[in-house]
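Visitor:
There are 4 protein chains.
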Amino acid sequence: MKSADKHRKIIRAATKVFAKKGFFNARISDVAKEAKVADGTIYLYFNNKFDILLSVFEQEVGKLIEHIGQLLEKESDPQKKLTLFVMLHLEEMKKNRYLAEVIHVELRQTSKLVKEYRKNKFNEYLNIISSIITLGQETGVFRSDIRPEIARQLIFGALDEISIFYTEVSSQYSIEEISSQISNIMQTGLLA
Amino acid sequence: MKSADKHRKIIRAATKVFAKKGFFNARISDVAKEAKVADGTIYLYFNNKFDILLSVFEQEVGKLIEHIGQLLEKESDPQKKLTLFVMLHLEEMKKNRYLAEVIHVELRQTSKLVKEYRKNKFNEYLNIISSIITLGQETGVFRSDIRPEIARQLIFGALDEISIFYTEVSSQYSIEEISSQISNIMQTGLLA
Amino acid sequence: MKSADKHRKIIRAATKVFAKKGFFNARISDVAKEAKVADGTIYLYFNNKFDILLSVFEQEVGKLIEHIGQLLEKESDPQKKLTLFVMLHLEEMKKNRYLAEVIHVELRQTSKLVKEYRKNKFNEYLNIISSIITLGQETGVFRSDIRPEIARQLIFGALDEISIFYTEVSSQYSIEEISSQISNIMQTGLLA
Amino acid sequence: MKSADKHRKIIRAATKVFAKKGFFNARISDVAKEAKVADGTIYLYFNNKFDILLSVFEQEVGKLIEHIGQLLEKESDPQKKLTLFVMLHLEEMKKNRYLAEVIHVELRQTSKLVKEYRKNKFNEYLNIISSIITLGQETGVFRSDIRPEIARQLIFGALDEISIFYTEVSSQYSIEEISSQISNIMQTGLLA
DNA sequence: GATGAATGAGTATTCATTCAT
DNA sequence: AATGAATGAATACTCATTCAT
Numbered sequence: 001m002k003s004a005d006k007h008r009k010i011i012r013a014a015t016k017v018f019a020k021k022g023f024f025n026a027r028i029s030d031v032a033k034e035a036k037v038a039d040g041t042i043y044l045y046f047n048n049k050f051d052i053l054l055s056v057f058e059q060e061v062g063k064l065i066e067h068i069g070q071l072l073e074k075e076s077d078p079q080k081k082l083t084l085f086v087m088l089h090l091e092e093m094k095k096n097r098y099l100a101e102v103i104h105v106e107l108r109q110t111s112k113l114v115k116e117y118r119k120n121k122f123n124e125y126l127n128i129i130s131s132i133i134t135l136g137q138e139t140g141v142f143r144s145d146i147r148p149e150i151a152r153q154l155i156f157g158a159l160d161e162i163s164i165f166y167t168e169v170s171s172q173y174s175i176e177e178i179s180s181q182i183s184n185i186m187q188t189g190l191l192a
Numbered sequence: 001m002k003s004a005d006k007h008r009k010i011i012r013a014a015t016k017v018f019a020k021k022g023f024f025n026a027r028i029s030d031v032a033k034e035a036k037v038a039d040g041t042i043y044l045y046f047n048n049k050f051d052i053l054l055s056v057f058e059q060e061v062g063k064l065i066e067h068i069g070q071l072l073e074k075e076s077d078p079q080k081k082l083t084l085f086v087m088l089h090l091e092e093m094k095k096n097r098y099l100a101e102v103i104h105v106e107l108r109q110t111s112k113l114v115k116e117y118r119k120n121k122f123n124e125y126l127n128i129i130s131s132i133i134t135l136g137q138e139t140g141v142f143r144s145d146i147r148p149e150i151a152r153q154l155i156f157g158a159l160d161e162i163s164i165f166y167t168e169v170s171s172q173y174s175i176e177e178i179s180s181q182i183s184n185i186m187q188t189g190l191l192a
Numbered sequence: 001m002k003s004a005d006k007h008r009k010i011i012r013a014a015t016k017v018f019a020k021k022g023f024f025n026a027r028i029s030d031v032a033k034e035a036k037v038a039d040g041t042i043y044l045y046f047n048n049k050f051d052i053l054l055s056v057f058e059q060e061v062g063k064l065i066e067h068i069g070q071l072l073e074k075e076s077d078p079q080k081k082l083t084l085f086v087m088l089h090l091e092e093m094k095k096n097r098y099l100a101e102v103i104h105v106e107l108r109q110t111s112k113l114v115k116e117y118r119k120n121k122f123n124e125y126l127n128i129i130s131s132i133i134t135l136g137q138e139t140g141v142f143r144s145d146i147r148p149e150i151a152r153q154l155i156f157g158a159l160d161e162i163s164i165f166y167t168e169v170s171s172q173y174s175i176e177e178i179s180s181q182i183s184n185i186m187q188t189g190l191l192a
Numbered sequence: 001m002k003s004a005d006k007h008r009k010i011i012r013a014a015t016k017v018f019a020k021k022g023f024f025n026a027r028i029s030d031v032a033k034e035a036k037v038a039d040g041t042i043y044l045y046f047n048n049k050f051d052i053l054l055s056v057f058e059q060e061v062g063k064l065i066e067h068i069g070q071l072l073e074k075e076s077d078p079q080k081k082l083t084l085f086v087m088l089h090l091e092e093m094k095k096n097r098y099l100a101e102v103i104h105v106e107l108r109q110t111s112k113l114v115k116e117y118r119k120n121k122f123n124e125y126l127n128i129i130s131s132i133i134t135l136g137q138e139t140g141v142f143r144s145d146i147r148p149e150i151a152r153q154l155i156f157g158a159l160d161e162i163s164i165f166y167t168e169v170s171s172q173y174s175i176e177e178i179s180s181q182i183s184n185i186m187q188t189g190l191l192a
């Protein structure tokens, strides 16, 4: 039986290889070698190279949604919820640096190729953000003149850029400090 | 000059083709056809395919820096400077949608491949942002506990994500409204 | 016996699959599925893919030789014998259309690859024809200036081409009419 | 400019390679090497491997039709016309043995794959035969109870089989003798 | 300078065959 | 004996790059 275990192993290997070389520069044989399977084995689990990339998003972003979603439920205050989300996202990206790079680089490629995709799994992730904004607006904590979709896009863009920048200059700043700065800028602004 | 003219023509064509198909899916012959030159001609002006992409950044981002830099000089108030930068960036990205897409998608690929690159021409662009922050901190307008590099990255990430999102849902919001929302969030925060 | 039974089942399946897709386009897994066995099982009965094709000829042509040989024995007149052979060959090819196609298409491929092969089992079949010619010459019914080997090849070529053509336009002509026309041309000629 | 000369050179090479190894066993690089061009060059002239095979038929059979057609025009007697056709076909197949093998083996594969194909260029060739039969029937030389399409198929099958058999045992019989025997069987029959 | 035909290295994918269960 | 997941060799085709004209 084709094991779910091997499926995961290949996804994991692909995430690493795609992060290091980029999707287009990565060879199937690189992924196979990293996963310690034969080239042909990959095609027992995936239709083609691109399907592997889509599955990376599907599976890894799915796990993100579940994990972060659960932790956010415990918090009801919108302001604290947003601060928590920022913290969790950066934490997860730090833990899974390969995924961070694949999201940062390949997700954008992919979005172009599969216009609908981003509107599926990844959109679900982005909607965690907009729902926090909406909640805050409903409870009067956040300004009601801000468009949740714009804020969502803005926050994701900021976080994504930071998550890569952060890993590149990782020793300088603690994750708490960066999270705090981002939340501060977003919530109370830059003004003195 | 004839030569510089053709150089620009190829850059322009490449920007369009790379934006539409992505760097890896674009063929040299696509660029050649778009620029209305023979395939071989391209190699009289560029060393290889990747060199074209680097030149796109070099030239187009160079023009951005010059253009936006000049306009920013006329403004001395840091707060207004930042608001103006946000506005100008979005405006330019709207005018040159192909460049916006290439920056959004290919710049990230490229950054990985040429680690030093971003520290050159594009870094110069990003530093426009951090210098505004620093100026604001020096004049006491902006909080001094914000790291200019973090703010820079955050602002670019937000703007870049919005500039693509904006063009996808372009009819809904005016550029002024979006600019205003971004500046608001950044400067006075989300809080009511 | 269980084993010989499965051997036959695979041959039968292979004949059908090879006829439909052609030997090179057919996959072992196609044959396995058609025979309702696992891919690996096939290798318990055959050495490799090509061996299956050879076995198709070996077994199916063997059955032909036996069947047609027996019926021909009952007839002693060379002229009637030849007429009967034409009829029987077309009849068998009509009954087993898959075999007809495999002989028509794959036998020729195979003959090239295994030069000696045709001189074995299939040659035996062809020699049924030449022996009828020789008999006819000995009894003075057929002209003695005809080379039996040439006549043999000519008759097989004609029959084989007709047997495929026949199935493609099957509704138009009855098998008796076609047999009669062929025997007529061969024996009394086209002349009025 | 893509030269017609190189197109022909590749066709010629492919005919030889396909004849020797068979279409499926032949590699594009074999054809390229035989034609003394690079692998990629082949794709400047043909869409894919199969397209080369179709072009072989298209071009070589086209030449056959033209050549044989011209010579047949000079003869008006149906009986002599048929005898001449048999002779010319065998002569051409002897001259271009590679084509003979490709027709003998690959045409049958191909007919299966491209049902309509045979009804185009090759059908035109086969119709030379049936038109001779029809002519003979109209002038009362040939029996009117013979179906031209059946006779056509029969004659082609016979000739094709003989043309391969002939080259395999070439030293034994002269082409005139074989032609004469075939024409004899076809026209005056086997009967003494 | 300009061209575009020619090159050939590079790789995703297939599928006959094997072998642990 | 039977299975079917795993293997990895094999190859059609692409496309960046070159160079003779």
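Protein chains in written order, with the UniProt record's numbering: chain A, 1 to 192; chain B, 1 to 192; chain C, 1 to 192; chain D, 1 to 192.
We treat Cβ as the ideally placed atom computed from N, Cα and C, and that holds for glycine.
Computed from a predicted model, the values in this text were never measured in an experiment.
At the 9 Å Cβ level, is N47/C part of the contact set with chain D, yes or no?
Guide: Not an interface residue.
Visitor: Taking beta-carbon pairs under 8 Å, can you tell me which members of the region 75 to 93 of chain C lie near chain D?
Guide: Within the region 75 to 93 of chain C, the residues whose Cβ lies closer than 8 Å to some Cβ of chain D are Q79 and L82, listed in chain order.
Visitor: Quick one: Cα of I103/B to Cα of D5/A, how far?
Guide: Roughly 38 Å between the two C-alpha positions.
Visitor: Once you ignore the five residues that flank E149/A on each side, which residues in its own chain have a CB closer than 8 Å to its CB?
Guide: These residues qualify, in order along the chain: S130.
Visitor: In three-state terms, what does DSSP make of N48/D?
Guide: Correct three-state label for N48/D: coil.
Visitor: What does the Cβ neighbour count give for S111/A, buried or exposed, with the cut at 16 atoms within 10 Å?
Guide: The residue in question, S111/A, is buried, as its Cβ has 16 or more Cβ neighbours within 10 Å.
Visitor: Would you verify that the beta carbon of I28/D is, or is not, closer than 9 Å to some beta carbon of chain C?
Guide: No, its Cβ sits nowhere closer than 9 Å to a Cβ of chain C.
Visitor: Give the secondary structure of R8/C by DSSP, where H, G and I count as helix, E and B as strand, and everything else as coil.
Guide: Three-state DSSP puts R8/C in a helix.
Visitor: What is the DSSP secondary structure of Y117/C, reduced to helix, strand or coil?
Guide: Unreliable positioning characterises Y117/C in this predicted model, as indicated by a pLDDT of 49, which lies under 50. The coordinate reading is nonetheless provided below. Y117/C falls in the helix class under three-state DSSP.
Visitor: So, E124/C versus V31/C, is the Cβ gap smaller than 9 Å?
Guide: Contact: no.
Visitor: Figure out for me which residue from K94/A, L107/A, S183/A and Q79/A has the closest Cα to the Cα of I132/A.
Guide: It is Q79/A.
Visitor: Using a C-beta to C-beta distance shorter than 8 Å, which residues of chain C count as neighbours of R147/D?
Guide: What R147/D touches in chain C: Y173 and Q181.
Visitor: My output table needs one value for Q137/D: the three-state DSSP class, helix, strand or coil.
Guide: Residue state, collapsed to three classes: helix.
Visitor: Who are the Cβ neighbours of E91/A in its own chain at under 7 Å, not counting the five residues just before and after it?
Guide: Excluding positions up to five away in sequence, the list reads I175.
Visitor: Quick check: the Cα distance between Y117/C and V56/C, rounded to an integer number of angstroms?
Guide: For Y117/C, the predicted structure reports a pLDDT of 49, less than 50, and the residue's modelled location is therefore unreliable. A value from the coordinates is still provided. So the alpha carbons of these two residues sit roughly 13 Å apart.
Visitor: Along chain A, which residues have their Cβ under 9 Å away from the Cβ of V105/B?
Guide: Under the 9 Å cutoff, chain A gives V105, R108, Q109, S111 and K112.
Visitor: Which term fits L71/D, buried or exposed, when burial requires 16 or more other beta carbons within 10 angstroms of its beta carbon?
Guide: It counts as exposed.
Visitor: Among L53/B, Q172/B and T188/B, which one has its Cα closest to the Cα of F122/B?
Guide: Selected option, being the one with the closest Cα: L53/B.
Visitor: Looking at the unbroken alpha helix (DSSP H) that takes in Y98/D, where does it start and where does it end?
Guide: From DSSP, the alpha helix (DSSP H) with Y98/D extends over R97 to E101.
Visitor: So which residues on chain B does D160/A lean against when the C-beta distance must stay under 9 Å?
Guide: The answer, in chain order, is G157 and E161.
Visitor: Checking contacts by CB at 9 Å: is F24/A closer than that to chain B?
Guide: Answer yes: the Cβ-Cβ gap between F24/A and chain B drops below 9 Å somewhere.
Visitor: Nearest to R143/A by CA position, among N127/B, V141/B, I182/B and F18/B, is which residue?
Guide: Of the candidates N127/B, V141/B, I182/B and F18/B, the one whose C-alpha sits nearest the C-alpha of R143/A is I182/B.
Visitor: Is it buried or exposed, Y166/D, if we count other Cβ atoms within 10 angstroms and call 16 or more buried?
Guide: By the neighbour-count rule (16 or more Cβ atoms within 10 Å), Y166/D is buried.
Visitor: Quick one: what's got a C-beta closer than 6 Å to H89/C's C-beta in the same chain, skipping five residues either side?
Guide: Answer for H89/C: L159, listed in chain order.
Visitor: With H, G and I counted as helix, E and B as strand and the rest as coil, what does DSSP make of F57/B?
Guide: Helix, per DSSP.
Visitor: Check the Cβ of I178/C against every Cβ in chain D and list those closer than 8 Å, keeping chain order.
Guide: Those are I150, listed as they occur along chain D.
Visitor: Helix, strand or coil for V37/C? Go by DSSP, reduced to three states.
Guide: V37/C: coil per DSSP, three-state reduction.
Visitor: At least one CB of chain C closer than 9 Å to the CB of L154/D: is that the case?
Guide: By this cut-off, L154/D is an interface position.
Visitor: Would you mind working out which of K16/C, F46/C, N96/C and F50/C sits nearest S3/C, comparing C-alpha positions?
Guide: Considering only alpha carbons, the answer is F46/C.
Visitor: Helix, strand or coil: which one does DSSP assign to V86/D?
Guide: If DSSP states are grouped into helix, strand and coil, V86/D belongs with the helices.
Visitor: Using only CA atoms, which one of I42/A, E75/A, H7/A and Q172/A lies nearest to G136/A?
Guide: Ranking the options by Cα distance to G136/A, first place goes to E75/A.
Visitor: With 9 Å set as the bound, which would you pick, yes or no: does the beta-carbon of F165/C sit closer than that to a beta-carbon of chain D?
Guide: Yes, because at least one Cβ of chain D sits closer than 9 Å to the Cβ of F165/C.
Visitor: Alpha carbon to alpha carbon, how far is F24/A from Y173/C? Give it in angstroms, no decimals.
Guide: Between Y173/C and F24/A, the C-alpha separation is close to 60 Å.
Visitor: Would a C-beta distance cut-off of 9 Å place E101/A and A26/A closer than the cut-off?
Guide: No, the pair does not count as a contact, with Cβ atoms beyond the cut-off.
Visitor: Less than 9 Å between the C-beta atoms of V105/D and R152/C, yes or no?
Guide: Contact: no.
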